[in-house]
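Since the structure comes first, as structure tokens, the remarks are kept for the end.
Protein chains: 2
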Amino acid sequence: VTVDVRRILREKRNGRAHTPEDVAALIAGYVGGEVPDYQVSAWLMAAFLRGLDETETDALTRALIRSGRTFDWSDLGRPSADKHSTGGVGDKISLILAPLVAACGVLVPMVSGRGLGHTGGTLDKLESIPGFRTHLSPEAMRSQLDALGVVMVGQGADLTPADGKLYALRDVTSTVENESFIVSSIVSKKFAEGADAIVYDVKCGNGAFMKNAESARRLARRLVSTTRSLGRKAAALVTDMSQPLGEAVGNALEVRESVDVLRGGGPEDVRVLTLELAASMLQGCGAEADRASALARAQRALESGAAWEKFLGMVAAQGGDAALVGRPDGMARAPVVHDAKAERAGTIEAIDSFGLGELVVKIGGGRASKEDRIDPRVGLMIRRRLGDTVEAGAVLAEVHLAAEDRSAVEWAARCFQVGSTAPTVPSLILERVE
Amino acid sequence: VTVDVRRILREKRNGRAHTPEDVAALIAGYVGGEVPDYQVSAWLMAAFLRGLDETETDALTRALIRSGRTFDWSDLGRPSADKHSTGGVGDKISLILAPLVAACGVLVPMVSGRGLGHTGGTLDKLESIPGFRTHLSPEAMRSQLDALGVVMVGQGADLTPADGKLYALRDVTSTVENESFIVSSIVSKKFAEGADAIVYDVKCGNGAFMKNAESARRLARRLVSTTRSLGRKAAALVTDMSQPLGEAVGNALEVRESVDVLRGGGPEDVRVLTLELAASMLQGCGAEADRASALARAQRALESGAAWEKFLGMVAAQGGDAALVGRPDGMARAPVVHDAKAERAGTIEAIDSFGLGELVVKIGGGRASKEDRIDPRVGLMIRRRLGDTVEAGAVLAEVHLAAEDRSAVEWAARCFQVGSTAPTVPSLILERVE
Numbered sequence: 033v034t035v036d037v038r039r040i041l042r043e044k045r046n047g048r049a050h051t052p053e054d055v056a057a058l059i060a061g062y063v064g065g066e067v068p069d070y071q072v073s074a075w076l077m078a079a080f081l082r083g084l085d086e087t088e089t090d091a092l093t094r095a096l097i098r099s100g101r102t103f104d105w106s107d108l109g110r111p112s113a114d115k116h117s118t119g120g121v122g123d124k125i126s127l128i129l130a131p132l133v134a135a136c137g138v139l140v141p142m143v144s145g146r147g148l149g150h151t152g153g154t155l156d157k158l159e160s161i162p163g164f165r166t167h168l169s170p171e172a173m174r175s176q177l178d179a180l181g182v183v184m185v186g187q188g189a190d191l192t193p194a195d196g197k198l199y200a201l202r203d204v205t206s207t208v209e210n211e212s213f214i215v216s217s218i219v220s221k222k223f224a225e226g227a228d229a230i231v232y233d234v235k236c237g238n239g240a241f242m243k244n245a246e247s248a249r250r251l252a253r254r255l256v257s258t259t260r261s262l263g264r265k266a267a268a269l270v271t272d273m274s275q276p277l278g279e280a281v282g283n284a285l286e287v288r289e290s291v292d293v294l295r296g297g298g299p300e301d302v303r304v305l306t307l308e309l310a311a312s313m314l315q316g317c318g319a320e321a322d323r324a325s326a327l328a329r330a331q332r333a334l335e336s337g338a339a340w341e342k343f344l345g346m347v348a349a350q351g352g353d354a355a356l357v358g359r360p361d362g363m364a365r366a367p368v369v370h371d372a373k374a375e376r377a378g379t380i381e382a383i384d385s386f387g388l389g390e391l392v393v394k395i396g397g398g399r400a401s402k403e404d405r406i407d408p409r410v411g412l413m414i415r416r417r418l419g420d421t422v423e424a425g426a427v428l429a430e431v432h433l434a435a436e437d438r439s440a441v442e443w444a445a446r447c448f449q450v451g452s453t454a455p456t457v458p459s460l461i462l463e464r465v466e
Numbered sequence: 033v034t035v036d037v038r039r040i041l042r043e044k045r046n047g048r049a050h051t052p053e054d055v056a057a058l059i060a061g062y063v064g065g066e067v068p069d070y071q072v073s074a075w076l077m078a079a080f081l082r083g084l085d086e087t088e089t090d091a092l093t094r095a096l097i098r099s100g101r102t103f104d105w106s107d108l109g110r111p112s113a114d115k116h117s118t119g120g121v122g123d124k125i126s127l128i129l130a131p132l133v134a135a136c137g138v139l140v141p142m143v144s145g146r147g148l149g150h151t152g153g154t155l156d157k158l159e160s161i162p163g164f165r166t167h168l169s170p171e172a173m174r175s176q177l178d179a180l181g182v183v184m185v186g187q188g189a190d191l192t193p194a195d196g197k198l199y200a201l202r203d204v205t206s207t208v209e210n211e212s213f214i215v216s217s218i219v220s221k222k223f224a225e226g227a228d229a230i231v232y233d234v235k236c237g238n239g240a241f242m243k244n245a246e247s248a249r250r251l252a253r254r255l256v257s258t259t260r261s262l263g264r265k266a267a268a269l270v271t272d273m274s275q276p277l278g279e280a281v282g283n284a285l286e287v288r289e290s291v292d293v294l295r296g297g298g299p300e301d302v303r304v305l306t307l308e309l310a311a312s313m314l315q316g317c318g319a320e321a322d323r324a325s326a327l328a329r330a331q332r333a334l335e336s337g338a339a340w341e342k343f344l345g346m347v348a349a350q351g352g353d354a355a356l357v358g359r360p361d362g363m364a365r366a367p368v369v370h371d372a373k374a375e376r377a378g379t380i381e382a383i384d385s386f387g388l389g390e391l392v393v394k395i396g397g398g399r400a401s402k403e404d405r406i407d408p409r410v411g412l413m414i415r416r417r418l419g420d421t422v423e424a425g426a427v428l429a430e431v432h433l434a435a436e437d438r439s440a441v442e443w444a445a446r447c448f449q450v451g452s453t454a455p456t457v458p459s460l461i462l463e464r465v466e
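These protein sequences, in sequence, are chains A and B. Count the first sequence with my numbering and you get residues 33 to 466, in order. Count the second sequence with my numbering and you get residues 33 to 466, in order.
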């Protein structure tokens, strides 16, 4: 069957909606090599500018899923759930959440990505644990999931390959930032993982891709509706990213902070958001009937140390040094640590989270391009939050460096706006889509 | 110098205007092979949907020109002029006009195209003359132009190669019908030919690409302003194409009709439009100071037989059989000729010129795709015009066929709408842009 790409292009160019069959044929033709990239790139631009409606987005999502393998864990006889975050600065929630939910008896088959640009990636954080393997065979994933209830891996080439191919083309044609493309990319990957319920954490604010609440809410609603149209349970939280999440930003530092939370300590916002997301997952997959009981169960799993035990079990199962992770100062430390200080007294009016994320990339803790290598030791410890009052000379953040770099310390200090006006601090949870 | 195509794409996607430098770099990069087709196709779609303003269109035109050879005839010491038509059904004007203007002492270096779809092409018409060569070396063009004042050839690969490459990409990405792309494509080719003055004949009506007067007028104005911005003289006529031009539609038939006009006969509309365009060319290049003297000079060249002599000279110079062209029935005739007749008495309310053009393609006189071969003998002689009254059984058109084909005859008859209302017949010249 040949697909009439010129007709499809003309229709989208003129603002017409595609049939699901046309979307399927276009993507299948692209993956199969019959439709050349120069036609698909023209389509990407037309769809970017004219938009794709819900039916078209569903069809695109299905086409991406159909291009590769899909997992099915139903024979393991337990409910399963997963979470996806749209990415932010200091977002280490997955490291705590996956073992926590597994400790509640729910399977968590989590496939994560690497960091690119100002946001970190879960895979990079896990790999800062010496020995930790993020690439497992499907058989190894299944056996670990059955035995332990949790597995955290990177995306193999066999999962939604069309999404990878399409993303590469979007990247070079400046068609990345389109809601329908983003929805289909995220949902297809999460669907292919095979979890019964998917919870989305849509970040909103100056450290997130979505800068305003309206676009974040719309994205959250579309992620949920598209996932449901494919027959899976879904919910979403829109959460604040107008300041980094927790204190640690940087790979090994974030693992340490995750360990703190798993052991009952750590920053309040990280703990609260993890429990909220865990409750949504437990409720979403049917393990708990209502929000109150789901939240209580998650709290018990954290406070009892069951989540921490599960984390250690996962680290060991995936080849990581579990003993080292549990020791204070077990994780590698940066050789140079300087304090970024307030130049004047006042109130923290704003924190440039994007700037802090970019700084971590610059000092070697993230990637400007895919090929960059990461130094797991470097990063930031954010010591002040929005609305805090500070004296002149107060420590705003610690800067963990591989080598002396005064400009990095100055950069960090500049990301804190100290003034005389008390800011309106957004709630951590801005909206729930259930 | 590398060009940041992603930035250029993002800017056009967001509705921003490009700098001339960015347009130049994009096209030069494409022609040079540094910018891949999948980025250019995304740009074509973005520019199609967001538009290009006059400055961007000028820059695109210059970039297309710069990609290849440009002719310069200034050393021949005479003014030069050319005409371009946007294409219609039965438009054989160039065959008469070029020798006529040359007979007035003005150089006419005319580069023409082949027909595609419902409109014919000047090259195909010329090639229905046995022996006529449409591919000459630049040296042969120059020497013929110097000696005879007129040369009619096809576009060599060295003239605006970027336009050919871009057109092929527009064709497969459904981005052909954009005014700025059309303007830059036409003007770049005409500019590269090297004529001092260019006159555009923008066809308007059901046999033309421009169906309504407003879009035709806008195209005419933009062709003129873009040509002037490049430092050449320009004018345009918007002319009616709500019925075929003249009687003959089809290659050899149109050559015969052109010969009739050159010898002082032929259809009135063909004669009038040719003289109007000749006057614009003569005035445009400065050979005549005002419209009245230009028109008088063109009329004299036609009536004196000087234009006809020039035509015969050109045919002979380019290898064609000039003696044959001058003989009644010298040109090859189709073996089967049938009359398409009116089913009822009444007034010709409308003529489906597009349908008649499509019919000629179907019976072998045009191309549905570039590879199709043409039968020069086939075509139509249109015997009735808009507003004519007819009896039942009156001949509407002769259908010249390579073989028996009743459906073609019925098709021709169906293109004439016979009713009881006298139509408003548009003027031949709808507007002058001077």
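Glycine is no exception: its CB is placed at the ideal position from the N, C-alpha and C atoms. Every value quoted in this text rests on a predicted model; they were computed, and no experiment measured them.
>> Here's the rule: buried if 16 or more other CB atoms are within 10 angstroms of the residue's CB, otherwise exposed. What is A/His116?
In response: It counts as buried.
>> Please list the terminal residues of the continuous alpha helix (DSSP H) segment that includes A/Ala311.
In response: Per DSSP, A/Ala311 belongs to the alpha helix (DSSP H) from Glu300 to Gly316.
>> Just to confirm the assignment: which complete alpha helix (DSSP H) runs, minimum length 4, are found wholly within the stretch 356-411 of chain A?
In response: For the stretch 356-411 of chain A, whole alpha helix (DSSP H) runs of length 4 or above, ordered along the chain, are 385-392.
> Which parts of the stretch 153-190 of chain B are runs of the beta strand (DSSP E), unbroken and 3 residues or longer, counting only runs that do not cross its ends?
Replying inline: Taken in chain order, the whole beta strand (DSSP E) runs of length 3 or more contained in the stretch 153-190 of chain B are 182-186.
> How would you call B/Thr453, buried or exposed, if buried means at least 16 neighbouring beta carbons within 10 angstroms?
Replying inline: Counting Cβ neighbours within 10 Å, B/Thr453 comes out exposed, since fewer than 16 surround it.
> Should B/Asn210 be listed as close to the ligand NAP, given that the test is whether its C-beta is under 6 angstroms from any heavy atom?
Replying inline: Among the components of this structure there are no ligands whatsoever, and the ligand NAP is therefore not found.
> Taking DSSP as the reference, what is the three-state secondary structure of A/Ser274?
Replying inline: It is coil, neither helix nor strand.
> Three-state secondary structure (DSSP) at B/Pro458?
Replying inline: Annotated three-state conformation of B/Pro458 is coil, per DSSP.
> Relative to the alpha-carbon of B/Asp190, which residue among B/Ser99, B/Val208 and B/Ala74 has its alpha-carbon at the smallest distance?
Replying inline: The candidate whose alpha carbon is nearest that of B/Asp190 is B/Ser99.
>> If I follow the unbroken alpha helix (DSSP H) through A/Pro68, where does it start and stop?
In response: Note, A/Pro68: premise wrong, no alpha helix (DSSP H); not H, not E.
> What first and last residue would you give for the beta strand (DSSP E) that runs through A/Val55?
Replying inline: Membership of A/Val55 in any beta strand (DSSP E) is not indicated; the residue belongs instead to the alpha helix (DSSP H) covering Pro52 to Gly64.
> Under the rule that 16 or more other beta-carbon atoms within 10 Å means buried, what is B/Val369, buried or exposed?
Replying inline: Burial call: exposed.
> Taking B/Pro193 as the reference, which of B/Ala330, B/Ser212 and B/Ser217 has the closest Cα?
Replying inline: B/Pro193 has its Cα closest to that of B/Ser217, out of B/Ala330, B/Ser212 and B/Ser217.
> Using 8 angstroms as the threshold, is the stretch 201-214 of chain B in touch with the stretch 71-82 of chain B, meaning 3 or more CB pairs across them?
Replying inline: Counting C-beta pairs closer than 8 angstroms gives three or more between the stretch 201-214 of chain B and the stretch 71-82 of chain B, which meets the contact rule.
>> Using DSSP's beta-bridge definition, name the partner residues of B/His116.
In response: Answer by DSSP bridge pairing, in chain order: B/Tyr232.
>> I need the DSSP call for A/Gln449, collapsed to helix, strand or coil.
In response: Strand, per DSSP.
> Closest to A/Gln275 by CA distance: which of A/Tyr62, A/Cys447 and A/Thr102 is it?
Replying inline: Minimum Cα distance to A/Gln275 is reached at A/Cys447.
> Just to confirm, are B/Ala227 and A/Thr205 a CB contact at a threshold of 7 angstroms?
Replying inline: No, the pair does not count as a contact, with Cβ atoms beyond the cut-off.
>> I want to see whether chain B comes within less than 7 angstroms of A/Thr51, judged by CB atoms only; does it?
In response: Closer than 7 angstroms: no.
> Closest to A/Arg101 by CA distance: which of A/Arg332, A/Glu225 and A/Asp203 is it?
Replying inline: Each of A/Arg332, A/Glu225 and A/Asp203 was checked against the Cα of A/Arg101, and the nearest Cα belongs to A/Glu225.
> Is it true that the CB of A/Ala266 sits closer than 7 angstroms to the CB of A/Val281?
Replying inline: Not in contact: A/Val281 and A/Ala266 (Cβ atoms no closer than 7 angstroms).
>> I need the DSSP call for A/Lys243, collapsed to helix, strand or coil.
In response: A/Lys243 sits in coil when the DSSP states are folded into three classes, being neither helix nor strand.
>> I'd like the list of long-range same chain contacts for A/Asp85, defined as Cβ closer than 6 angstroms, with 5 residues on each side in sequence excluded.
In response: So the qualifying residues of the chain are Ala49.
> Is there at least one Cβ from chain A nearer than 7 angstroms to B/Asp69's Cβ?
Replying inline: True, the Cβ-Cβ gap to chain A drops below 7 angstroms.
> Taking Cβ positions, are B/Leu418 and B/Ala374 nearer each other than 7 angstroms?
Replying inline: With respect to the 7 angstroms criterion, B/Leu418 and B/Ala374 are not classified as neighbours on the basis of their beta carbons.
> So, does the CB of B/Met313 fall closer than 7 angstroms to a CB anywhere in chain A?
Replying inline: So, not an interface residue.
> For A/Ala284, which residues from the same chain have a beta carbon less than 6 angstroms from its beta carbon, with the 5 sequence-adjacent residues on both sides left out?
Replying inline: Counting only Cβ-Cβ distances below 6 angstroms, and skipping sequence neighbours, we find Ser160, Met363, Ala364, Pro408 and Arg409.
> Which chain B residues sit within Cβ distance under 8 angstroms of A/Ala74?
Replying inline: Against A/Ala74, the close residues of chain B are Ser73, Ala74, Leu76, Met77, Thr205, Ser206 and Thr207, in the order they occur along the chain (beta-carbon pairs closer than 8 angstroms).
> So which of B/Ala333, B/Glu403, B/Val219 and B/Gly237 has the shortest CA-CA distance to B/Gly387?
Replying inline: The alpha carbon of B/Gly387 has as its nearest neighbour, out of B/Ala333, B/Glu403, B/Val219 and B/Gly237, the alpha carbon of B/Gly237.
> Just how far apart, CA to CA, sit A/Met173 and A/Ser106?
Replying inline: Roughly 14 angstroms between the two C-alpha positions.
> If we ignore side chains and look at the alpha-carbon of each, how far apart do A/Gly181 and B/Thr34 end up?
Replying inline: CA-CA distance, A/Gly181 to B/Thr34, rounds to 51 angstroms.
> Does A/Leu58 have its Cβ less than 7 angstroms from a Cβ in chain B?
Replying inline: For A/Leu58, the answer is no, since every Cβ of chain B falls outside 7 angstroms of its Cβ.
>> So, at 6 angstroms on beta carbons, what are the nonlocal neighbours of B/Ser126 in its own chain, with the 5 sequence-adjacent residues on each side left out?
In response: Residues of the same chain with a CB within less than 6 angstroms of the CB of B/Ser126, apart from the 5 flanking positions on each side, are Thr154 in chain order.
>> Let me see if you follow: with CB-CB separation under 7 angstroms, is A/Leu412 close to chain B or not?
In response: No, its Cβ sits nowhere closer than 7 angstroms to a Cβ of chain B.
>> For B/Ile380, tell me which candidate among B/Leu412, B/Val450 and B/Gly316 has the shortest Cα-Cα distance.
In response: Answer by Cα proximity: B/Val450.
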